[in-house]
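My numbering puts the first residue of the sequence shown at 1087, with every later residue one more than the last.
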Amino acid sequence: MNLEVLNGMLRPKSIAVIGASNKEGKIGYTVLKNLFADGYSGEVYPINPKDKEVQGLKAYSSVLDVPGEIDAAVVIVPAKFIPQVAEECGKKGVKGLIIIASGFSEVGRKDLEQAVVDTAHQYDMRVLGPNIVGILSNSDNCNASFAPCLPLPGKAALVSQSGALLIAMDTSTYTRRVGFDKMISIGNMSDVNFGDLVEWLDADENTACMSFYIEGLKDGRHFMRAAREAHKPIVALKSGVSAHGAAAAASHTGSLAGSGKIYEAALEQAGVIRAADLNNLFDRTLALSLQPPMQGDNMLILTNGGGVGVLATDAAERAGLPLRFAPEDVQTELKKHMPEFGSARNPVDLTGMAGVEWYHDTVRYSFAHPWVDGLAVLYCETAMTIPQEIAESIKQAIDESGVTGKPITVSFVGGEQSEAAMQWLLEQGIPAYDAPDTAVNALAALREFAQGRDTMAKPFVPFNDVDEEAARAVIAEARADGCRNLTEIESKAVFKAYGLPVAQTRLATSEEEAVRLAEQIGYPLVMKIVSPDILHKSDAGGVKVGIKNAAEVRETYHTILKSVRAYKPAADLHGVAIQEMAPWGTEVILGSVNDPTFGPAMMFGLGGIFVEILKDVTFRVAPVSPEQGLKMLSDIKAGAILAGARGEAPRDRAALADILSRYSQMIVALEDEVAESDANPVLVYEEGQGAIVVDARIILKKK
Ligand code: COA
């Protein structure tokens, strides 16, 4: 991507305001006024076909009349005029169009939107929006929007798909005390999308953390790739995850909100830190923009109040970072700074007697201790202490410890003095919150950031013992026969080409052949109808298990054909499959779909009631490494069964993780052909005994 062009658009040195107005109350009036009011120092050119002057500045009737260069054009004229505006901007050499106007794909005018983008691309221009509020940047004193003011200065960058939400967040940065350098409204994402902005913000010197409000991604794969490669934390609030919410989002933005579960998986796989709600987005953004990642799981909590300590402990567990007791040496040292009835375990309760010195000494010692990966310091305002003095002692202790790569968050619970002390801490770069659970949750976000980076460091490595050509040959043959539903035998041949262990299955087209194959494979056996027209073989009477000898093979061969013919007389019958009868094991299911946003995605769950009734399944965007495959096994609630619950021997999870990873490679490689597929059931045996795909199904894409 050309970051230079985006730079021109998002950090412009000159701006044309197309539709700049003298009429108070119009957006074209406010945008121009905002540029002056917030001190933008670049060139500003109002464009208005009727007025010679707008708000005291010389106005031009077209960008083509402007004498100087124009980096960005903010477009605030009715939608129908914008294709023409884009053409003129292109001729003028404008770098980017920031289209505030509505009336495009969000109201069914995708054609108009596309026409603007096509024109822009002809001239190498980028388009932000349409249907946006504009852009705000503290480091450029640039408020090219109709939001009331620049946000509280800070190191975060907000990108919001909802304009109204951006405006609301803008002013609340002052009351929430969370600083942002930039706010970018992304609207319909006709051209510039979240992926572009991840790349641009990752390279931006004034951004330390990206904070996103996402309703639906346009190009999920681009976003995942960019997020994986980003060095800075990305925290995202994704709305529209409920079925009703997704429908609302689709009508609101004209974009697909996608299936909630695949979104969840994709964001996690891309190392994106999730925010549960707007408050959480602010709170996590604050910590992520001020503090380094937390490199291990050991969070230590220091407090002068048992109650807030317990609240914080609960919050740590909820955030997936349960507290561990501090090691002996830490406890022994900390005990020196508390009364007899204090507790040095974790949370460390200094008790209500704690004053400035105890806070200072314990913070300094624990922050420097190698066991401690992150510190949450909690304080309840007491009559014996002055909040500001406690705040200063914490800051002094941190500085004296000489440690820089470790995170700290603070919570002061109290009145005005505590508020003022927290304000002071924030100015020192220490995230401070008025609730203990918030401070702990923010620290957990810093842990999630580090974990995400660790996962990114171990990407999927393709298996090289696969035979794509063989798989494609099977598919080509089926297509030549006009079939989109591969038979079980064909499906298994494709699976096998990717190194997936499949139960041996051969096709018999006569009774004699059935017996011959049965003798080769060995008893007991399963016999199944093979027909692209019969998807539910059992319902058609097309399956018989436990066949023990040649006589039973002969008899079954005929019974199966008879029942299937009766069930569906027109069905194309290829013959009867003779299949080894795998010993019974724990039944699991894999499935794949092509997600419209992220491409090939896979599902895993335990068979039977677990998937059908409890819907206990987990999703991933493919491909996944065997390590990520193992994580899928423990993601589902029934994962404990595979780990060996209630005295049962653990199942061969390594073999299953290998299967998941190979399967993911297969669905990515054959994405152009395979619409959906499943392996159902896969039987998993005890540790070291492997697993086997008993039945497989592939449905090809329409071509
Ligand atoms: N070039 C330059 N100026 C032009 C022009 C052109 N091609 N065509 C019209 N103008 C001028 C008009 O003369 C007018 O100036 P004036 O105020 O001096 O008369 C100004 O541009 C605006 O045009 P107007 O027709 O009065 O439109 P408007 O101000 O009523 O509405 C929008 C324009 C863009 C604000 C409106 O169409 C819109 O989309 N509103 C929704 C925006 C929004 O909410 N976006 C964010 C969603 S989160």
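In this text, a Cβ means the ideal position worked out from N, Cα and C, and glycines have one as well.
It should be emphasised that the depicted structure is a prediction, and the values quoted were computed from it without experimental measurement.
Going by DSSP in three states, residue i sits in which element: helix, strand or coil?
{"i": "Thr-1595", "result": "coil"}
{"i": "Asp-1520", "result": "coil"}
{"i": "Asp-1305", "result": "coil"}
{"i": "Leu-1659", "result": "coil"}
{"i": "Tyr-1465", "result": "strand"}
{"i": "Pro-1216", "result": "coil"}
{"i": "Glu-1666", "result": "strand"}
{"i": "Asn-1680", "result": "strand"}
{"i": "Asn-1527", "result": "helix"}
{"i": "Arg-1360", "result": "strand"}
{"i": "Ile-1101", "result": "strand"}
{"i": "Thr-1116", "result": "helix"}
{"i": "Glu-1315", "result": "helix"}
{"i": "Met-1047", "result": "As displayed, the chain neither begins before 1087 nor continues past 1789, which places residue 1047 out of reach and without an answer."}
{"i": "Phe-1266", "result": "strand"}
{"i": "Thr-1490", "result": "coil"}
{"i": "Tyr-1445", "result": "helix"}
{"i": "Lys-1789", "result": "coil"}
Mind checking which residues open and close the alpha helix (DSSP H) that includes residue i?
{"i": "Val-1580", "result": "1574–1583"}
{"i": "Asp-1282", "result": "1280–1289"}
{"i": "Asp-1204", "result": "1196–1208"}
{"i": "Glu-1350", "result": "1346–1355"}
{"i": "Cys-1175", "result": "1168–1178"}
{"i": "Gly-1395", "result": "1392–1404"}
{"i": "Met-1508", "result": "1502–1513"}
{"i": "Lys-1421", "result": "1414–1421"}
{"i": "Ala-1566", "result": "1554–1566"}
Name the DSSP bridge partner or partners of residue i?
{"i": "Asn-1134", "result": "The partner list for Asn-1134 (beta bridge, DSSP) is empty, contrary to what the question assumes."}
{"i": "Met-1439", "result": "The partner list for Met-1439 (beta bridge, DSSP) is empty, contrary to what the question assumes."}
{"i": "Thr-1704", "result": "Phe-1690"}
{"i": "Ala-1159", "result": "Ala-1102 and Leu-1183"}
{"i": "Gly-1460", "result": "Met-1385"}
{"i": "Met-1296", "result": "Ala-1243 and Ile-1320"}
Cutting at 6 Å between CB atoms, please list the residues of its own chain near residue i, excluding the five before and the five after it.
{"i": "Asn-1292", "result": "Ser-1225 and Asp-1267"}
{"i": "Ile-1270", "result": "Ile-1221 and Val-1245"}
{"i": "Arg-1097", "result": "Asp-1226"}
{"i": "Met-1667", "result": "Pro-1610, Leu-1611 and Val-1612"}
{"i": "Leu-1143", "result": "Pro-1132"}
{"i": "Lys-1196", "result": "none"}
{"i": "Tyr-1771", "result": "Gly-1671 and Asp-1738"}
With the cut-off set at 7 Å, would you say residue i and residue j are in Cβ contact?
{"i": "Ala-1791", "j": "Ile-1218", "result": "Lying outside 1087 to 1789, the shown extent of the chain, residue 1791 is not represented and no answer is given."}
{"i": "Ala-1525", "j": "Ala-1440", "result": "no"}
{"i": "Val-1631", "j": "Val-1612", "result": "yes"}
{"i": "Thr-1448", "j": "His-1423", "result": "yes"}
{"i": "Val-1278", "j": "Leu-1214", "result": "yes"}
{"i": "Ala-1294", "j": "Ser-1191", "result": "no"}
{"i": "Met-1380", "j": "Ala-1536", "result": "yes"}
{"i": "Met-1689", "j": "Gly-1671", "result": "no"}
{"i": "Val-1560", "j": "Gly-1585", "result": "no"}
{"i": "Gln-1355", "j": "Val-1707", "result": "yes"}
{"i": "His-1446", "j": "Ala-1483", "result": "yes"}
{"i": "Phe-1498", "j": "Ala-1507", "result": "yes"}
{"i": "Ala-1361", "j": "Leu-1323", "result": "yes"}
{"i": "Ala-1765", "j": "Val-1779", "result": "yes"}
{"i": "Gly-1273", "j": "Pro-1216", "result": "yes"}
{"i": "Phe-1368", "j": "Arg-1262", "result": "yes"}
{"i": "Glu-1792", "j": "Ser-1276", "result": "Nothing about residue 1792 can be reported from this structure: the residues present for the chain run from 1087 to 1789 only."}
{"i": "Ala-1158", "j": "Ile-1184", "result": "yes"}
{"i": "Thr-1437", "j": "Gly-1428", "result": "yes"}
Grab me the residues of residue i's own chain with a C-beta within less than 8 Å of its C-beta, minus the 5 sequence neighbours each way, in chain order.
{"i": "Val-1547", "result": "Ser-1711"}
{"i": "His-1330", "result": "Here His-1330 scores only 47 on pLDDT, less than 50, and its place in the model should not be relied on; the value that follows carries that caveat. Closer than 8 Å at Cβ, skipping near neighbours: no residue."}
Is any non-hydrogen atom of the ligand MG found closer than 6 Å to the C-beta of residue i, if you look at the structure I gave you?
{"i": "Phe-1298", "result": "Absence of the ligand MG is noted for the structure shown, with the ligand COA being the only ligands found."}
Ordered along the chain, which non-local residues of its own chain (more than five positions away) have a Cβ less than 7 Å from that of residue i?
{"i": "Asn-1635", "result": "Tyr-1609"}
{"i": "Gly-1774", "result": "Asp-1738"}
{"i": "Gly-1661", "result": "Leu-1593, Ala-1594, Thr-1595 and Val-1616"}
{"i": "Leu-1150", "result": "Glu-1174, Lys-1177 and Lys-1178"}
{"i": "Ala-1657", "result": "Ser-1617, Asp-1619, Ile-1620 and Val-1650"}
Starting from residue i, follow the beta strand (DSSP E) in both directions and report where the run begins and ends.
{"i": "Ile-1494", "result": "1494–1499"}
{"i": "Leu-1372", "result": "Unbroken run through Leu-1372 is the alpha helix (DSSP H), 1364–1376; no beta strand (DSSP E)."}
{"i": "Val-1768", "result": "1760–1770"}
{"i": "Ala-1729", "result": "Note, Ala-1729: premise wrong, no beta strand (DSSP E); alpha helix (DSSP H) at 1725–1729."}
Of all the CB atoms in chain D, is at least one closer than 7 Å to the CB of residue i?
{"i": "Gly-1265", "result": "Absent from the structure: chain D. Only one protein chain is present."}
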